[in-house]
Amino acid sequence: MPAIDTSVAIRALQRTGEVLAASASERHWEVVVLGGTAGLLARLLRPERTTADCDVLLLSDGAQWAALADAARVVADQLQLPATRLNRDCEAFAWTLPLGWRSRMERVGQFGPLAVWRVCRRDLIATKVLGATRRPQDLEDLRHIRPTREELAWVREHLDRLESEHLDGRSFDPERAVVGVLEDVGW
Amino acid sequence: MVSASRPTLEAQWAQLGVLLAVAPAQHEIDLERVLLHTAREVSAHARLFGLTITWLAEYSGFIAKNRLRRLVIDELEPAFQPALGLILEEAITHGAQPDLRLAIDVCRPARPPRPLFAASQDHASLRTLAEQTASAASKRWGVWAPAADLKKDAIRPAAWLLEQNPSLRGRIVRRGDLRCSILETLRHDTHGEVESESALARLNAATRVAVRKSLQALVLEGEIRYIDRDGRGRGVAIVHERRSGQDGPAGSRSHW
Numbered sequence: 799m800p801a802i803d804t805s806v807a808i809r810a811l812q813r814t815g816e817v818l819a820a821s822a823s824e825r826h827w828e829v830v831v832l833g834g835t836a837g838l839l840a841r842l843l844r845p846e847r848t849t850a851d852c853d854v855l856l857l858s859d860g861a862q863w864a865a866l867a868d869a870a871r872v873v874a875d876q877l878q879l880p881a882t883r884l885n886r887d888c889e890a891f892a893w894t895l896p897l898g899w900r901s902r903m904e905r906v907g908q909f910g911p912l913a914v915w916r917v918c919r920r921d922l923i924a925t926k927v928l929g930a931t932r933r934p935q936d937l938e939d940l941r942h943i944r945p946t947r948e949e950l951a952w953v954r955e956h957l958d959r960l961e962s963e964h965l966d967g968r969s970f971d972p973e974r975a976v977v978g979v980l981e982d983v984g985w
Numbered sequence: 741m742v743s744a745s746r747p748t749l750e751a752q753w754a755q756l757g758v759l760l761a762v763a764p765a766q767h768e769i770d771l772e773r774v775l776l777h778t779a780r781e782v783s784a785h786a787r788l789f790g791l792t793i794t795w796l797a798e799y800s801g802f803i804a805k806n807r808l809r810r811l812v813i814d815e816l817e818p819a820f821q822p823a824l825g826l827i828l829e830e831a832i833t834h835g836a837q838p839d840l841r842l843a844i845d846v847c848r849p850a851r852p853p854r855p856l857f858a859a860s861q862d863h864a865s866l867r868t869l870a871e872q873t874a875s876a877a878s879k880r881w882g883v884w885a886p887a888a889d890l891k892k893d894a895i896r897p898a899a900w901l902l903e904q905n906p907s908l909r910g911r912i913v914r915r916g917d918l919r920c921s922i923l924e925t926l927r928h929d930t931h932g933e934v935e936s937e938s939a940l941a942r943l944n945a946a947t948r949v950a951v952r953k954s955l956q957a958l959v960l961e962g963e964i965r966y967i968d969r970d971g972r973g974r975g976v977a978i979v980h981e982r983r984s985g986q987d988g989p990a991g992s993r994s995h996w
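Chains A and B, in that order, are what the protein sequence lines are. Residues in the first sequence are numbered from 799 upward in steps of one, following this note's numbering. Residues in the second sequence are numbered from 741 upward in steps of one, following this note's numbering.
Dropping the structure here:
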C-alpha cells in the first residue's frame, strides 16, 4: 500500500502559497504546524495512524488569518479536502507549549509568501503528554515516538511549571501518571 | 461471501473519505464489514474511534442498517460488540440516523468493564485515568473511553466520496433502508441471487412482509428480478450485480 505520507500536507501548503501569491498582495504569512501533521512532517508518526488535517498557530499578525483561511478553503475545494482542513483550533491550547518552543521550531518550507514551521520533537512530545489524558490516540502516538528518559524528565519539569503557574490551581497529576508509565515501560 | 484480498482498514477508510495519510484502497468497499472490522481494531487504533463517529454523523445514510444488524449477529464476536455499540450510539448523539439502533440493539455490553483502548489496559494508573475520563455512554457499554473527539476537518466532502465510490450513490438514494440492505446482501453475501424471500429475510434480519414490500419496490426500480426455480418456489436475483463504469471504485482517479 503506497503511503501518501507528507505529500498530503506539503502539496496543500504549496497550493495555499500559490493562491496567496496570486492575490498580488505584498503580505507574508508565517505559521507553525502542531499535532499529527507536525509528527508526520517530522516522520515521528505513522501515516496510517495519523490524519492529515493541519492544526496551525499563526505567528504573523492575527488580522492576516482571514486571507490565509480563504486561500486554504480554495485549495481544499480544488483538492476535495475538508473545508476546514487548515485550522487553528489548537490555539486554545497554545498556553501548554513549553517555554522557548519558538526558538526550537523547525522549518518545513517557504511556499511563496507563506512560511511554514513545525514544532520540534521535544515540544510535540510535551503536547502529546498533555493531550493523552483525554485523547487516547496521543497515548498511542507517544508509544510510537518512544520518548527518551531525558525527554520525559524535561516534560516533568514543564508540567511542574504549568502547575505552579496555573491560575486555578489545576493539578497535572494525570499527565504525570502518563509520564510515569512511559518511564516505567520504556515504550 | 464474495471477497478478494482485502486492503488494510486504514486504506478502506481513506477510500471512504477519511483523511488518514495513506492511499485509498482503490477497492470496492463493503461498508458494513468495515464497521465490524473497525470494532475489532479500534482498541489498538484509538484515532479511528472519533473518525468513525464523525464519518457516521455525516454519512450514516450510506449504511445498510438491516444488513449491519444481521452481520453483527452472525459475524461480530461478543468481545467487539461493546465497541461497535458505543460507536453507533455516539454517532447518533452527534447526528447520525437513529435507525442505527437496529444494530445497536443486538450489541451486548462488556462485563466487567475495562478501558476500550489497549494503550490504557495494562497499567493500573492508566486504567484509573480511563475510568475517570470515561463518558457516560462508554460506561454503559463497559468500555471506558472519553467522549468522542469529532474530526470534521479530517473527513472529505460527499462529492469526493461519491466520485471515488460510485456504488455508494444507490445507498444514499435509498438512505440505507431495507431495499439498500437487500441489494448489498445480494452483492456481498451471495453470488447475486438467493433461493427465496424467506432466505433474504433471514439474511437481512427482517420480516418477510417487510422484505416483500421492499422487493416489490426494487422490481419496479429495475434492480432485482424474481427467478423461477423449476417449481421449487421463487428466487430473487440482482439485475446488475456490477454496472460497468458505475459500481466499481474509481481506480484510476488521482487522490488529489
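Built from N, CA and C at the ideal position, the CB exists for glycine as well. Remember, it's a predicted structure, so these values are computed and weren't measured experimentally.
Proximal chain B residues relative to residue i, where beta-carbon distance stays under 7 Å
| i | result |
| --- | --- |
| residue 945 (chain A) | Per Cβ cutoff of 7 Å: no residues; residue 945 (chain A) is ~14 Å from chain B at best. |
| residue 978 (chain A) | 865 |
| residue 878 (chain A) | 896, 897, 899, 900 |
| residue 897 (chain A) | Per Cβ cutoff of 7 Å: no residues; residue 897 (chain A) is ~26 Å from chain B at best. |
| residue 838 (chain A) | 761 |
Residue span of the alpha helix (DSSP H) that contains residue i, given as start and end
| i | result |
| --- | --- |
| residue 942 (chain B) | 937-943 |
| residue 917 (chain B) | Premise fails: residue 917 (chain B) is in no alpha helix (DSSP H) and is neither H nor E. |
| residue 891 (chain B) | Residue 891 (chain B) -> no alpha helix (DSSP H), and no H or E assigned at all. |
| residue 815 (chain A) | 805-820 |
| residue 942 (chain A) | 934-943 |
| residue 952 (chain B) | 948-960 |
| residue 962 (chain A) | 947-963 |
| residue 789 (chain B) | 787-799 |
| residue 875 (chain A) | 863-877 |
| residue 860 (chain A) | It is not in any alpha helix (DSSP H) - residue 860 (chain A) carries neither H nor E in the DSSP assignment. |
| residue 972 (chain A) | 971-983 |
| residue 829 (chain B) | 821-833 |
Residue(s) in a DSSP beta bridge with residue i
| i | result |
| --- | --- |
| residue 933 (chain B) | B:977 |
| residue 849 (chain A) | B:760 |
| residue 904 (chain A) | A:916 |
| residue 906 (chain B) | Bridge partners of residue 906 (chain B): none, in fact. |
| residue 909 (chain A) | A:912 |
| residue 774 (chain B) | DSSP output for residue 774 (chain B) lists no bridge partner at all. |
| residue 884 (chain B) | B:855 |
| residue 927 (chain A) | Its beta-bridge partners do not exist; DSSP assigns none. |
| residue 885 (chain A) | A:853 |
Reference residue i; option with closest CA among the options
| i | options | result |
| --- | --- | --- |
| residue 932 (chain A) | B:881, B:882, B:860 | B:860 |
| residue 938 (chain A) | A:854, A:848, A:915, A:856 | A:848 |
| residue 887 (chain A) | A:818, A:810, A:964, A:831 | A:831 |
| residue 816 (chain B) | B:868, B:831, B:774, B:786 | B:774 |
| residue 852 (chain A) | A:877, A:977, A:834 | A:834 |
| residue 929 (chain B) | B:756, B:852, B:916, B:771 | B:771 |
| residue 919 (chain A) | A:899, A:910, A:913, A:908 | A:899 |
| residue 819 (chain A) | A:866, A:855, A:861 | A:866 |
| residue 969 (chain B) | B:933, B:948, B:950 | B:933 |
| residue 964 (chain B) | B:777, B:943, B:922, B:941 | B:922 |
| residue 975 (chain A) | B:863, B:904, B:749 | B:863 |
| residue 915 (chain A) | A:821, A:982, A:838, A:825 | A:838 |
| residue 926 (chain B) | B:764, B:800, B:755, B:807 | B:807 |
| residue 986 (chain A) | A:911, A:955, A:921 | The shown model of chain A, from 799 to 985, leaves out residue 986 (chain A), and the question about it has no answer. |
| residue 871 (chain B) | B:877, B:855, B:880, B:881 | B:855 |
| residue 897 (chain A) | A:925, A:909, A:870 | A:925 |
| residue 845 (chain B) | B:821, B:867, B:834, B:836 | B:821 |
| residue 869 (chain B) | A:971, A:908, A:812, A:893 | A:971 |
| residue 813 (chain B) | B:972, B:950, B:944 | B:944 |
| residue 806 (chain A) | B:783, B:924, B:754 | B:754 |
| residue 859 (chain A) | A:913, A:828, A:955, A:869 | A:828 |
| residue 785 (chain B) | A:821, A:965, A:941, A:951 | A:941 |
Contacts that residue i makes with chain B (C-beta to C-beta distance below 8 Å)
| i | result |
| --- | --- |
| residue 883 (chain A) | 759, 893, 894 |
| residue 927 (chain A) | Going along chain B, no residue has its Cβ under 8 Å from residue 927 (chain A), so there is no contact; the nearest lies around 12 Å. |
Contacts of residue i in chain A (Cβ-Cβ under 7 Å)
| i | result |
| --- | --- |
| residue 869 (chain B) | 931, 972, 975 |
| residue 889 (chain B) | 933 |
| residue 778 (chain B) | Per Cβ cutoff of 7 Å: no residues; residue 778 (chain B) is ~14 Å from chain A at best. |
| residue 958 (chain B) | Simply none; closest approach about 32 Å. |
| residue 873 (chain B) | 931, 932 |
| residue 826 (chain B) | In chain order: nothing, as chain A lies at least about 13 Å away. |
Span of the beta strand (DSSP E) around residue i
| i | result |
| --- | --- |
| residue 832 (chain A) | 827-832 |
| residue 997 (chain B) | In this structure chain B extends from 741 to 996, so residue 997 (chain B) is not present and cannot be described. |
Interface residues of chain B facing residue i [CB-CB closer than 9 Å]
| i | result |
| --- | --- |
| residue 966 (chain A) | Simply none; closest approach about 18 Å. |
| residue 941 (chain A) | 859 |
| residue 987 (chain A) | For chain A, the structure presents residues 799 to 985; residue 987 (chain A) sits outside this window and is missing. |
Residue i: contacting residues in chain A (beta-carbon distance under 8 Å)
| i | result |
| --- | --- |
| residue 786 (chain B) | 933, 934, 935, 937, 938 |
| residue 886 (chain B) | 932, 933, 934 |
Closer than 7 Å: residue i CB and nearest the ligand GTP heavy atom
| i | result |
| --- | --- |
| residue 866 (chain A) | Among the components of this structure there are no ligands whatsoever, and the ligand GTP is therefore not found. |
Cross-chain neighbours of residue i in chain A, by beta carbon under 9 Å
| i | result |
| --- | --- |
| residue 791 (chain B) | 849 |
Inset, instruction - Indicate whether the contact test is met: 3 or more Cβ pairs, each with one atom in the region 838-853 of chain A and one in the region 758-776 of chain B, closer than 8 Å. - result: Yes: the two stretches touch, three or more of their Cβ pairs being nearer than 8 Å.
Legend entry - Three CB pairs or more closer than 8 Å across the region 877-886 of chain A and the region 892-899 of chain B: Counting C-beta pairs with one atom in each stretch, the region 877-886 of chain A and the region 892-899 of chain B have three or more that are closer than 8 Å, which means they touch.
Inset, instruction - Kindly confirm or deny that the region 819-837 of chain B and the region 786-804 of chain B touch, where touching means at least three C-beta pairs closer than 8 Å. - result: Look at the beta carbons and you see the region 819-837 of chain B touching the region 786-804 of chain B: at least three pairs across the two are nearer than 8 Å.
Inset, instruction - Taking 8 Å as the threshold, find out whether the region 950-959 of chain B comes into contact with the region 908-921 of chain B through three or more Cβ pairs. - result: Segments in contact, yes.
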